[in-house]
Amino acid sequence: MGAAMRRIHVGNALSAFGLGFTVPYLYVYVAQVRDLGAVTAGLVLAVFAVAALVVLPFAGRAIVRRGPLPVLLAALVTAAFGALSLGLASSATTVLLSAAALGAGQAVMQPALATMIVDCSTAETRSRAFAMQFFLANLGLGIGGLIGGHLVDASRAGSFTLLFAIEAAMFLLLVVIMSTVRMPHAPKIEGSAPQSEGSWKQLLGNRAMVQLCVVGFVLFFACYGQFESGLSAYGVEAAGISTSALGTALAANTAMIVVAQFAVLKFVERRKRSRVIAAVGLIWAVAWLAAGYAGLGHGSRTMATAAFISTYALFGLGEAMLSPTVAPLVADLAPTGLAGQYNSAFALVKQLALAIGPAVGGPMGASLHAPYIVTFLLFSLGITFLAVRLGRQLTPVQNQPALAKSRVVAQGGAPAEPLPANV
45 MGAAMRRIHV GNALSAFGLG FTVPYLYVYV AQVRDLGAVT AGLVLAVFAV AALVVLPFAG
105 RAIVRRGPLP VLLAALVTAA FGALSLGLAS SATTVLLSAA ALGAGQAVMQ PALATMIVDC
165 STAETRSRAF AMQFFLANLG LGIGGLIGGH LVDASRAGSF TLLFAIEAAM FLLLVVIMST
225 VRMPHAPKIE GSAPQSEGSW KQLLGNRAMV QLCVVGFVLF FACYGQFESG LSAYGVEAAG
285 ISTSALGTAL AANTAMIVVA QFAVLKFVER RKRSRVIAAV GLIWAVAWLA AGYAGLGHGS
345 RTMATAAFIS TYALFGLGEA MLSPTVAPLV ADLAPTGLAG QYNSAFALVK QLALAIGPAV
405 GGPMGASLHA PYIVTFLLFS LGITFLAVRL GRQLTPVQNQ PALAKSRVVA QGGAPAEPLP
465 ANV
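When you read off a place in the sequence shown, starting at 1, and then add 44, the result is the number in this note's numbering.
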């Protein structure tokens, strides 16, 4: 990694740390500490999703026109303002407005950082760069949540104000760090301006990208969208899982990612991306079967708890396989100069899935136990089916970048003429 990539990874880890520092405690803070009630607390969580959906379509075009670094710096300042004002807010209006600023800033950080990774990596190093990003993000989330949990006290509003102030300071520190990043200058391409203007139309005309977005929606809907809503409700109501066991299951998910991320990387790099995604669908199908046994198998409490923890661990294994696969594929499908647009579009799909997933899975997991398991088992098998179809839309190099190690490959996947070494 060059100096720029190292700073990008530091920025990714610290932004995840700030997210894990406060988000798990938002509901308690709004509903109990500020005494604004459960309805307002629910609206705050919804505002995060809505703010992301509003700003992401504009973020892609801004990244294409201005570059990812200025957009990232603006997002960090916005998030810092939102975090600090949220810690000082006392009315429902100010809490919701502050949450909107924080949510919008955090949403824009994702495609901006992803585009910076694309710009600072090559086709050969991109999978490892995104694997490192995912590893550090999960590490940051886990450490942030752990430290934040020891700092907050529901009986003292000041402890939450301190928490949000630290998060705001973290974002401002990131502004300083990321301001020192020197991004590589891409060569000027004739006719790139009209291409940027019609980028959304061009994206929707890219069948491989559209199919990848469909796969991504199902991935995030059937896994990430269930972690803290439907699956946890199902574990408590159907399987009788205690809150401590639920915490252990979440820790098992993070631990699996941390342990398995680089162990599976070499395996993933040698395989076709479509087959890796298809394999993840099968792994998650097994995870849902384990969850079904935990809640519907009528076994002992110990066996049910072990099966439920295994569910989260298997999800973590699938996530570790996806991180060096999906994000680099988005970058490889993007025409030259439009990586920011494609990253933002995929982030928008992710946010849609994360907004709809809990709304559908939460009530089902709490009351419709057997239909819940069957539904998401079928969604996981659907991932495998969609991934196989996606593979037919990809060129051999897009599907398996290892084929291009001995030659220069254009970003769209077509072979390019070798360039002079100085270029």
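Ideal Cβ placement from N, Cα and C applies to all residues, glycine included.
Sorting 264, 424, 222 by C-alpha distance to the C-alpha of residue 395 places 264 at the top.
Considered as a whole, the segment 269 to 323 harbours 274 to 281, 287 to 313 as its complete alpha helix (DSSP H) runs of no fewer than 4 residues, in chain order. Sorting 368, 355, 299, 347 by C-alpha distance to the C-alpha of residue 315 places 368 at the top. The residues 386, in chain order, have a CB closer than 6 Å to that of residue 378 in the same chain once the five nearest residues on each side in sequence are set aside. Between the segment 353 to 370 and the segment 299 to 314 there are three or more inter-stretch CB-CB distances shorter than 8 Å, so the stretches are counted as touching. Taking all protein chains in view, the Cβ of residue 262 is crowded by 16 or more other Cβ atoms within 10 Å, so the residue is classified as buried. The Cβ atoms of residue 336 and residue 417 sit closer than 8 Å to each other.
When the alpha-carbon of residue 123 is set against those of 89, 165, 63, 185, the nearest one is in 63.
At a cut-off of 3 residues, not a single continuous stretch assigned as beta strand (DSSP E) sits fully inside the segment 98 to 129. A distance below 8 Å separates the beta carbons of residue 427 and residue 328. Counted as a single uninterrupted DSSP element, the alpha helix (DSSP H) harbouring residue 62 occupies residues 47 to 66.
Residue burial annotation: residue 66 is buried, with at least 16 other C-beta atoms found within 10 angstroms of its C-beta. The beta carbon of residue 73 sits closer than 6 Å to those of 204, all from its chain and outside the five residues before and after it, given in chain order. Judged by DSSP secondary structure, residue 135 falls outside any alpha helix (DSSP H); it is assigned neither H nor E. Closest option to residue 212, judged by alpha-carbon separation, among 437, 58, 137: 58.
With distances taken between CA atoms, residue 334 lies nearest to 349 out of 322, 320, 349. By the Cβ criterion, the segment 152 to 162 is not in contact with the segment 128 to 135, since fewer than three pairs of Cβ atoms, one from each stretch, lie closer than 8 Å. Excluding sequence positions up to five before and after residue 93, its CB lies within less than 7 Å of the CB of 395, 398, 399, all in the same chain and listed in chain order.
Assigned with DSSP and collapsed to three states, residue 444 falls in coil, not helix or strand. DSSP places residue 342 in no alpha helix (DSSP H); its state is neither H nor E.
By the CB criterion at 8 Å, residue 56 and residue 157 fall inside the cutoff. Proximity to residue 271 across 403, 393, 441 peaks at 403, based on C-alpha coordinates. The criterion of a C-beta distance shorter than 8 Å is not satisfied by residue 112 and residue 79.
Nearest C-alpha to residue 445 among 313, 419, 356: 313. By the criterion of a C-beta distance shorter than 8 Å, residue 117 is surrounded in its chain by 219, 222, 223, once the five residues flanking it on both sides are discounted. Judged by DSSP in its simplified three-state form, residue 200 adopts coil rather than helix or strand. Apart from sequence neighbours up to five positions away, the residues of its chain that approach residue 179 with a beta-carbon distance below 6 Å are 305, ordered along the chain. As the crow flies, the alpha-carbon of residue 383 is around 22 Å from that of residue 320.
Going by DSSP, residue 254 is part of the alpha helix (DSSP H) stretching over 251 to 266. Rounded to the nearest whole angstrom, the C-alpha separation of residue 331 and residue 356 is 7 Å. One Cα belongs to residue 210, the other to residue 143, and the distance between them is close to 16 Å. Here residue 358 is not near residue 175, since their CB atoms are 8 Å or more apart.
In this structure residue 260 is buried. Its beta-carbon is surrounded by 16 or more other beta-carbon atoms within 10 angstroms. Residue 388 is not a Cβ neighbour of residue 120, given a cutoff of 8 Å. Annotated as distal: residue 256 and residue 432, with beta-carbon spacing of 8 Å or more. Residue 70 and residue 189 have their C-alpha atoms some 12 Å from each other.
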